[in-house]
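Under my numbering, the first residue of the sequence shown is numbered 968, with each subsequent residue one higher.
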Amino acid sequence: MKNPPETNPPVALVETAEPETRRSADSSERAYNAIRKLLVEFHLKPEERINEMRLAKSLSISRTPIREALNRLASEGFVSLTPNRGFFVRSLSTEGLIDLYELRSIIECAAFRLMCERAADEDIGRLRAYWANIVEGYRDQPPDDILAEDEGFHVLIAELSGNPEIVSQLHAINARIRFIRRIQIEHRSHDNNLVASHSAIVDAATKRDAEEGTELLRKHIELTVSATQEALKDALLRVYSRADTSTRPRRSRTGSVA
């Protein structure tokens, strides 16, 4: 008995399946990046329930990529998922921030130790060169520039550890504390020895002194309860003031409400 002839899927399905999958992945990534930016910059208020339909409409993306993005953001700690209620923006609390800074300290100290063990001399030279290129006038820049260069310094140490998972985790933590760190840098009171501490960390790396370097990093990253409370007070004031301004009716030049 002859075997039945093989049947191939229609040509159209073969040709369109891959582009369709790619479009879906692109939409999910675009939704993720857009919502993550809203969360990082606190355009969505802490503990606010996220309206998926409103997000889909404002971003011109269908509900499925929005849901995929929110699930991804929940796994990263940016939002929380409550069964039968939906997704909520993470809360701002003293305890939560201290936990994140503690985790950051653990990760960065581990990265420094690994860098001392694994990095080649020319790699350590990259860290020295990075700091040498930005140290002059470092604290005289706008807060956003200081923050970007500071993150770059610490991420480079993570990269030189040779462990890409450490780099990935540090990027995620940086995103979650960036808004608070931006406020602290603007105050210019959180670390008056910022330049000196960075220079000392570079010196410890050059000597491959893991003990000294990790202690310097721990003190550099450490966040006190009082400093956290002050930053949170300012952060919440900004978040809710911005929300009130955005929802307040605008008046036209004739004095009527626009």
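Using N, Cα and C, we set each Cβ at its ideal position, and we do this for glycine too.
- E1075 has its alpha-carbon roughly 13 Å from the corresponding atom of A1172.
- If you look at V1162, you'll find it in the alpha helix (DSSP H) that goes 1161-1173.
- In this structure, the alpha-carbon of Y1068 lies about 16 Å from that of S1058.
- Judged by DSSP secondary structure, S1047 falls within the beta strand (DSSP E) whose first and last residues are 1046-1049.
- Within the same chain, and ignoring the five residues on either side of L1026 in sequence, the residues whose Cβ sits closer than 7 Å to its Cβ are A998, A1001.
- In the three-state reduction of the DSSP assignment, V1007 falls in the helix class, which pools H, G and I.
- Following the DSSP letters along the chain, one finds V1122 in no beta strand (DSSP E) but inside the alpha helix (DSSP H) bounded by residues 1110-1127.
- For V1206, the secondary structure class from DSSP, reduced to helix, strand or coil, is helix.
- Between R1003 and L1064, the gap from beta carbon to beta carbon reaches 8 Å or more.
- Considering only N1038, D1112, P1013, the residue with the shortest C-alpha distance to S995 is N1038.
- The secondary-structure analysis by DSSP pairs G1053 across a beta bridge with T1049.
- If the five residues before and after A1023 are omitted, its C-beta is found closer than 8 Å to the C-beta atoms of S1029, R1030, I1033, all from its own chain and listed in chain order.
- Distances from the CA of A1198 to each of R1149, N1018, I1017 were compared; the closest alpha carbon is that of R1149.
- By the Cβ neighbour-count rule, E1062 is exposed, with fewer than 16 other Cβ atoms within 10 Å of its own.
- When rounded, the separation of the alpha-carbon atoms in A1096 and L1123 is 11 Å.
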